[in-house]
Amino acid sequence: MKFEKFTLGLTLLMLSATTAAADCAFKNEIPIKAITSAFPAYKAIADNMQECGNVQVELDQEVRTKSAPALAANPALYHISSVHNGTIVPLLNQDTIRPLDDLVAKYGQGLNPNQLIKIDGKIMAIAFMVNMQHLMYRKDIFADLGIEVPTDYEQVLAAAKKIKEAGVVDYPLGATWMADWNIGIDFDNLFVGYGGEFVNDDNTPAVNSEAGRKTLEMMRKLSEYMNPEYLVADATYVQQQFQQKKIAFSNFWASRAAKMDDPAESQVIGLIGTASAPAAVPGGIPAVMFSWDGIAIAKNITDEEAEAAFRVALEGGDTEMVKENNDLAVWLIDGYQPTEMAKGAIETIQNGAKPNPSTVWRGLINDAIEKNVVEFMTGKKTVDQTLTDIEAAYTTSAKEAGLL
Amino acid sequence: MRRQTFWKFVGPSIFLMVLFIALPLASVFWQSFFHSVPSVESVEVETCSPGFPTQICETVLKSRAVLDENGRPVTTTHFVGLDFYRSVVEPDVVWQAFSSGNPAAILRIDFWRALRFTVTFTFITLPFVLGLGLAIALAVNNSTARMRGPIIFVSLLPYIITPVIGGISIYWLFVGDGIVTRLIEAMLDRNIAVMTHGWAVEALMMFYRVWHIAPFAFVIFYAGLQGVNRDTLESAMIDGASRFERLRYVIIPHLLPLIVFVTLIHLMDSYRVFEEIVAFNAQSQRISLQWLTYDFLQPDDSGNRAIGRASASSMLTMIGIVLIILPVLRRAWRDHRA
């Protein structure tokens, strides 16, 4: 029995390998290794890359911590690494990824100009998709109670109050406020919405400001409409709260939108609408920062390998792949048909949302923010203590990192 | 044993201990006094990222690492003395807290918060582990031979489970709408949120540790019970000693070296409490010293790690372990010489 299963698996594998080779535009002869994030969109890209042959892709939740040391090795342990606004910083700082201008000129005719991530005039990465939080809401509840889709956070509070009074769900609001980078991001989003700047031009902290105070006060108010266990809520948790009809709306990750209509998991199929992330102040820009996600090519490899790796990566993220996996992400690749669920993401960017800054201080200040905001939310620190402690913690680590 | 034979047997072990324990420790000790600062320059950089319908390009002032001709970041290393220890312990804030008559304020500092939890955790779980372990050992020892196998097997189960897995399964019983939470909610007829209470999370973590480690104490004590002198026990019975008196004056003195041994192991293990924090997602409520070191070591999104502070905090953790096991070790040493 076991043996039969094994041979069956083997046959399937060979079948997929043979059909696969036909799908790739060229036959890859040079062994290529890649490490990418593990969410479904990357799974689709990885499958398509592997069709070219001689490609080994590791899908890993911890690319964030692994790619920098792996690419710093000589020769690099991977030819291709997935990157986003944040993870590209250590790679740029250690100079372990190569400019792609020549390769783009040679092979990149199919690329959308929007995909080229240019830093200091050089193309350093190819973006495949964008991701951000934007409003997701239960269309049925909002229609029944006659609530307009909120465009700023005062309206969010008003809508939450109405829904709470109507008592139609356990808790009106959901938020990815798990006590790690999750809650840090949400602080950042609101902070930017209130016009805050994280650091001054000389890298000294600037979080202890009016924007910082307003952000903390707004977070306190929002928390009153959430499940009190919000500090353990990661994206999967909030996704399940939506799917199981426990919350009515949330500023939630675009990459999870497809899961709302997944018949295997969701009880809210067709009931979730998306809209731009709300502004912090009426008429302001959306209180959210968006990221791009894509790939970069290692520097410490031969030019032939780099060429093959680049071609393989492009095959992974080509129009054909997007057509097969249209709903998995908000793709930047030509051929993408924005779905109803992508409306929120596109509106958010059109309303002027800013990209996540790719800088060294970003990670340092986020670390300081995460911890102290958590202690503010658990009531251990006051608004002023929180903001002072964020600046103190940042100053300590910025000195160690040579920024101050 | 001939001296040469002795060294042939012990040599490889000592070599490996030096290689894998002593040398890394010395290197961590060294690192806690030296600081490598990367050189950073500020430059105007134009960055283009995706937008709808076209790209967004902006020019901002950015700090970036200076690279040498081989493309490696330029760093300078210098001796910083106790600076890293100071930024972990923050003696100024401690001094201020005590002089202003509000010592609780030091719990705002991660290190002291972690130390508070670690010490409480270690010393509260200890008596429960010893007591429960001894109770199970006595129960098994007094049960009929036919029942012993199954009872031993069941009692050992918690110890066999991988710590993080065991922790997560207990966490799931209580988090959100976990089975136990639902049950309590039904009994009290109101909504409760266990994980929002720091003390509840702390109690759960201790409960989990006792449940997990008690079988280890049980196995040791059970083995010890097999060696209790039957004659002494019988003569105690003839002298009219009650069950408790026999336990107090015969069994416990016999087990004492084992109790010291289990205490020692437990103190060392639980001072390094870590898995519970991860499994119970407790970092928002409680952190431990080991977790603090781990947190310093974790690179943030821009790839920065606080190696210096991580080294300092792991040295402090080690000093802490030595301090708490010192009394137990001295006792064992005295008994050994006596």
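Protein chains in written order, with UniProt numbering: chain A, 1 to 404; chain B, 1 to 338. C-beta: ideal position from N, C-alpha, C; glycine also.
Per-residue DSSP class, three states only, for residue i
| i | result |
| --- | --- |
| B/M237 | helix |
| A/M132 | coil |
| A/W177 | coil |
| A/A22 | Its pLDDT being 45, under 50, A/A22 is placed unreliably in this model, and the value from its coordinates should be taken loosely. In the structure shown, A/A22 sits in a helix (DSSP, three-state: H, G or I). |
| B/R190 | coil |
| A/N251 | strand |
| B/H212 | helix |
| A/A50 | A small fix is needed here, since residue 50 of chain A is Gln in this sequence, not Ala. Three-state DSSP puts A/Q50 in a helix. |
| B/M1 | coil |
| A/S358 | coil |
| B/E44 | strand |
| B/D300 | coil |
| residue 407 of chain A | Chain A is shown only over 1 to 404; residue 407 of chain A falls outside these bounds and no answer can be derived. |
| A/E4 | Reliability fails at A/E4, whose pLDDT of 47 lies under 50, so the model's placement of it is uncertain and no value is given. |
| A/E400 | helix |
| A/K118 | strand |
| B/G178 | coil |
| A/T378 | coil |
| B/P150 | helix |
| B/S39 | coil |
| B/F9 | helix |
9 Å Cβ cutoff met for residue i and residue j
| i | j | result |
| --- | --- | --- |
| A/V281 | A/G195 | yes |
| B/R148 | B/V140 | yes |
| A/A296 | A/I97 | yes |
| A/N131 | A/H79 | no |
| B/E202 | B/F117 | yes |
| A/A342 | A/A206 | no |
| A/G284 | A/D152 | yes |
| residue 347 of chain B | B/R305 | Outside the displayed span of chain B (1 to 338) sits residue 347 of chain B, for which this structure offers no information. |
| B/A312 | B/Y85 | yes |
| A/I117 | A/I163 | no |
| A/N189 | A/A233 | no |
| B/T47 | A/I119 | yes |
| B/V93 | B/A105 | yes |
| A/E58 | A/K27 | no |
Closer than 9 Å to chain A by CB, residue i
| i | result |
| --- | --- |
| B/R330 | no |
| B/A306 | yes |
| B/R116 | no |
| B/T75 | yes |
| B/V94 | no |
| B/P127 | no |
| B/V43 | yes |
| B/I324 | no |
9 Å Cβ cutoff, residue i in contact with chain B
| i | result |
| --- | --- |
| A/A22 | At A/A22 the pLDDT is 45, less than 50, meaning the model places this residue with poor confidence and gives no usable figure here. |
| A/S397 | yes |
| A/E165 | no |
| A/D180 | yes |
| A/V232 | yes |
| A/V207 | no |
| A/W253 | no |
| A/A159 | no |
| A/Y336 | no |
| A/M341 | no |
| A/M260 | no |
| A/E400 | yes |
Cross-strand partners of residue i (DSSP beta bridge)
| i | result |
| --- | --- |
| A/E286 | Rather than Glu, the amino acid found at residue 286 of chain A in this sequence is Pro. DSSP output for A/P286 lists A/A279 as bridge partner(s). |
| B/D92 | Beta-bridge pairing links B/D92 to no other residue. |
| B/F34 | B/F79 |
| A/Y237 | None, per the DSSP bridge assignment. |
| A/G273 | A/Y137 |
| A/I126 | A/L116, A/I295 |
Quick one: which residues of the segment 269-292 of chain B get their C-beta closer than 8 Å to a C-beta of chain A? List them in chain order.
Hits within the stretch, in order: N281, Q283, S284, Q285.
Give the residues from the segment 45-66 of chain B that approach chain A closer than 9 Å (Cβ to any Cβ), ordered along the chain.
Identification of residues in the segment 45-66 of chain B having a C-beta nearer than 9 Å to some C-beta of chain A yields V45, E46, T47, C48, S49, P50, G51, F52, P53, T54, Q55, I56, C57, E58, V60, L61, K62, S63, R64, A65, given in sequence order.
Just by C-beta distance, which residues in the segment 175-196 of chain B are closer than 7 Å to chain A?
Listed by position, the residues of the segment 175-196 of chain B near chain A (Cβ gap below 7 Å) are V175, G176, A193, M195, T196.
Residues of the segment 212-227 of chain B whose Cβ lies closer than 7 Å to any Cβ of chain A, in chain order
Those residues of the segment 212-227 of chain B that come within reach of chain A (Cβ to Cβ, closer than 7 Å) do not exist; the list is empty.
Could you please tell me which residues of the segment 106-118 of chain A, in chain order, have their CB closer than 8 Å to any CB of chain B?
Cβ contacts with chain B: P113, N114, Q115, L116, I117, K118.
Tell me which residues of the segment 77-89 of chain A have at least one Cβ-Cβ distance to chain B shorter than 8 Å, keeping chain order.
So the list reads N85, G86, T87, V89, given in the order they occur along the chain.
Along the segment 80-112 of chain B, where does the CB come closer than 8 Å to a CB of chain A? Name the residues.
For the segment 80-112 of chain B, which is checked against every Cβ of chain A, the residues closer than 8 Å are S87, L107, R108, D110.
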